[in-house]
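K.L.:
Below is one structure. I have some questions about it.
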Amino acid sequence: MVSTNYAPEHAGIGPYATQIAEHWAEVGHETHVLAGMPHYPSWSLEPEYKGALRRTERRTGVTVHRRAHTVPAHQTAVKRALFEGSILLHGAVAPPRMRRPDAVMAQMPSLAGGILAARLAAKWKVPFVPVVQDLMGAAAAQSGISGGDKAAVLAGRAEAYALKRAALVGIIHETFTDRVVGMGVDPGRIRLVPNWSHVPQPRRPRAETRRHLGWAPGQTVVLHSGNMGLKQGLEVLVGAARLDPSVRFVLMGDGSRRAALESLSADVPNLDIIPPAADGEFPDILAAADVLAVTQHAAVLDMSVPSKLTSYFQAGRPVVASVAAEGGTAQEVERSGAGVLVPPEDPEALLKAVRVLAEDPAGADALGAAGPRHVAAHLSREAGLARIDALIDEALGGPQP
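Here it is as structure tokens:
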């Protein structure tokens with residue numbers, strides 16, 4: 018597998034890449050991962066990796082080959098291009114030393130990772146199977162990143178280069194299909210492989226977790242968890258917090274926009290920005306909130322479906338989605354039955370939805386309860402990994418012994 022993000026990274030695509038690789042190792046496959054240095058979502062290197070150029074590790078039966086790359090603290094199109102370029106260059110000049118594999122999978126949105134995986138598969142003459150988690154060409158156009166229009170063209174070409182060389186292409190959501198076909202991929206080679214909930218169910222009583230966090234019993238708490246980047250449009254939560262000091266808003270996580278959000282909300286006492294939770298505490302903190310928020314800029318339509326949604330559904334709390342109604346994120350919230358949609362970039366609409374839920378606790382609980390049911394029926398880890406195994410088996414010509 019080629020995946021820029023991998024354990025110990027606990028947000029974004031890292032957990033999915035890790036669980037796939039560890040699953041393969043657990044069932045007896047010799048599994049190698051070509052990865053970057055841990056840096057996400059803070060966009061700063063983990064201390065133990067600072068100064069490391071290359072490193073090979075054994076993690077839970079998986080051999081991980083790490084290669085150094087740039088880590089831009091602030092996202093622009095140029096800095097993102099340098100990031101991808103450094104991954105591509107270092108991976109090309111120092112590929113992993115290993116025997117010929119049966120197949121090569123890539124976790125994309127890493128453009129460099131997709132190209133590297135395609136080239137390695139061609140070198141070894143084995144099937145190349147990318148899984149599209151985000152569409153970077155669309156992301157550059159829709160996220161609002163500086164210089165995004167020009168970057169979108171280049172990113173789209175890089176994506177097309179990789180995807181057209183695939184034996185099969187996995188996509189995590191059906192809204193990606195048209196763009197992938199537009200890159201020249203035969204629709205008959207596209208397979209839907211949705212992400213799964215990679216976190217366990219909450220264990221501690223909600224009241225106990227709220228006391229630990231300092232959240233008052235009668236106070237409505239709106240929580241956003243995950244990456245604080247451009248496409249999330251988290252300014253809408255700052256705006257909603259300004260409108261009602263009685264509602265507590267909590268942004269938990271890290272990312273390239275964290276410092277800007279801290280500055281913007283410096284005079285908003287009912288908004289807290291806290292570090293990412295430890296893995297063992299994460300499900301309980303999600304469950305302790307009254308409302309879980311997912312937000313995106315209005316322009317974000319078919320480039321991404323936030324991985325946080327699977328964790329939100331598992332937590333059993335109602336979701337308020339401030340996203341474009343036409344996009345994949347809105348479709349997933351509606352499909353789950355566990356949330357409500359409001360127009361993106363509209364603080365008043367978001368706050369109104371939060372108040373409606375706060376005034377009807379029984380209704381909010383019923384809405385939230387639909388999330389775990391949806392996970393059990395469609396988003397279990399076992400089902401997700403089985404879909405990945407089936408994708409690889411098909412690429413290899415059928416189930417392998």
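First residue of the sequence shown? That's 18 in the working numbering, and the numbers climb one at a time after it. Note that the Cβ used here is the ideal one computed from N, Cα and C, for glycine as well. Keep in mind the model is a prediction, meaning the values are calculated, not measured.
So, does the stretch 191-205 touch the stretch 271-286, judging by three or more C-beta pairs under 8 Å?
P.N.:
Cβ pair count under 8 Å is below three, so no.
K.L.:
At which residues does the alpha helix (DSSP H) containing F100 begin and terminate?
P.N.:
Residues A94 to V110.
K.L.:
Are at least three pairs of beta-carbons, each pair with one atom in the stretch 47-60 and one in the stretch 83-100, less than 8 Å apart?
P.N.:
Because the criterion of three Cβ pairs below 8 Å is met, the stretch 47-60 and the stretch 83-100 touch.
K.L.:
By DSSP's criteria, T73 is part of a beta bridge. Which residues make up the other side?
P.N.:
Beta-bridge pairing links T73 to H82.
K.L.:
Does the beta-carbon of R174 have 16 or more other beta-carbons within 10 angstroms, so that it is buried, or is it exposed?
P.N.:
With fewer than 16 Cβ atoms within 10 Å of its Cβ, R174 is classed as exposed.
K.L.:
Can you look up H395 in the DSSP assignment and give me helix, strand or coil?
P.N.:
The answer is helix: DSSP assigns H395 an H, G or I state.
K.L.:
Anyone know if the C-beta pair for T77 and E39 falls short of 8 Å?
P.N.:
A contact, by the Cβ cut-off of 8 Å.
K.L.:
So the candidates are Q124, R114, R84 and T194; which of them puts its Cα closest to the Cα of A34?
P.N.:
With distances taken between Cα atoms, A34 lies closest to Q124.
K.L.:
Ignore the nearest five residues each way along the sequence and tell me which others in A129's own chain have a CB closer than 6 Å to its CB.
P.N.:
Closer than 6 Å at Cβ, skipping near neighbours: E101, I104 and L105.
K.L.:
Leaving out the 5 sequence neighbours to the left and right, which residues in its chain are closer than 6 Å to R275 when beta-carbon positions are compared?
P.N.:
These residues qualify, in order along the chain: M245.
K.L.:
Can you tell me whether DSSP reads R196 as helix, strand or coil?
P.N.:
Helix, per DSSP.
K.L.:
Which same chain residues, not among the five before or five after A138, have their C-beta less than 8 Å away from its C-beta?
P.N.:
For A138, where only same-chain residues beyond five positions count, the Cβ hits under 8 Å are A120, V121, P144, F145 and R182.
K.L.:
How about A315: is its Cβ closer than 7 Å to a heavy atom in the ligand ADP?
P.N.:
Looking at this structure, you won't find the ligand ADP or any other ligand, since it has none at all.
K.L.:
Leaving out five residues on either side along the sequence, give the residues of the same chain with a beta carbon under 6 Å from the beta carbon of R83.
P.N.:
Once the five neighbours on either side are set aside, the close Cβ partners of R83 are A52, M54 and R72.
K.L.:
Threshold first: 4 residues or longer. Then list the alpha helix (DSSP H) segments lying entirely within the stretch 222-261, N to C.
P.N.:
Correct list: 223-230 and 252-260.
K.L.:
Under a three-way DSSP split, which group does M125 fall into?
P.N.:
M125: strand per DSSP, three-state reduction.
K.L.:
Is the stretch 329-345 close to the stretch 371-386, with three or more CB pairs under 8 Å?
P.N.:
Output reads yes: the stretch 371-386 touches the stretch 329-345.
K.L.:
I think V308 touches V371, with their Cβ atoms under 8 Å apart; what is that distance to the nearest whole Å?
P.N.:
With a Cβ gap of about 5 Å, V308 and V371 count as contacting.
K.L.:
When the Cα atoms are used, what is the spatial distance from R412 to L368?
P.N.:
The question names Arg, but residue 412 is Ala in the sequence shown. Going from the Cα of A412 to the Cα of L368 covers about 47 Å.
K.L.:
Could you tell me which whole alpha helix (DSSP H) segments of length 4 or greater appear in the stretch 284-352?
P.N.:
The stretch 284-352 contains these whole alpha helix (DSSP H) runs: 299-305 and 325-332.
K.L.:
Is G385 helix, strand or coil by DSSP?
P.N.:
Correct three-state label for G385: helix.
K.L.:
Of the residues A179, D406, E47 and T87, which one's Cα is nearest the Cα of R75?
P.N.:
Measuring from the Cα of R75, the nearest candidate turns out to be E47.
K.L.:
Using the Cα positions of A347 and R114, report the straight-line distance between them to the nearest angstrom.
P.N.:
One C-alpha to the other measures close to 43 Å.
K.L.:
What is the C-beta distance between L152 and F193, in whole angstroms, given that I count them as a contact (C-beta under 8 Å)?
P.N.:
Indeed they touch by this definition, with Cβ atoms about 6 Å apart.
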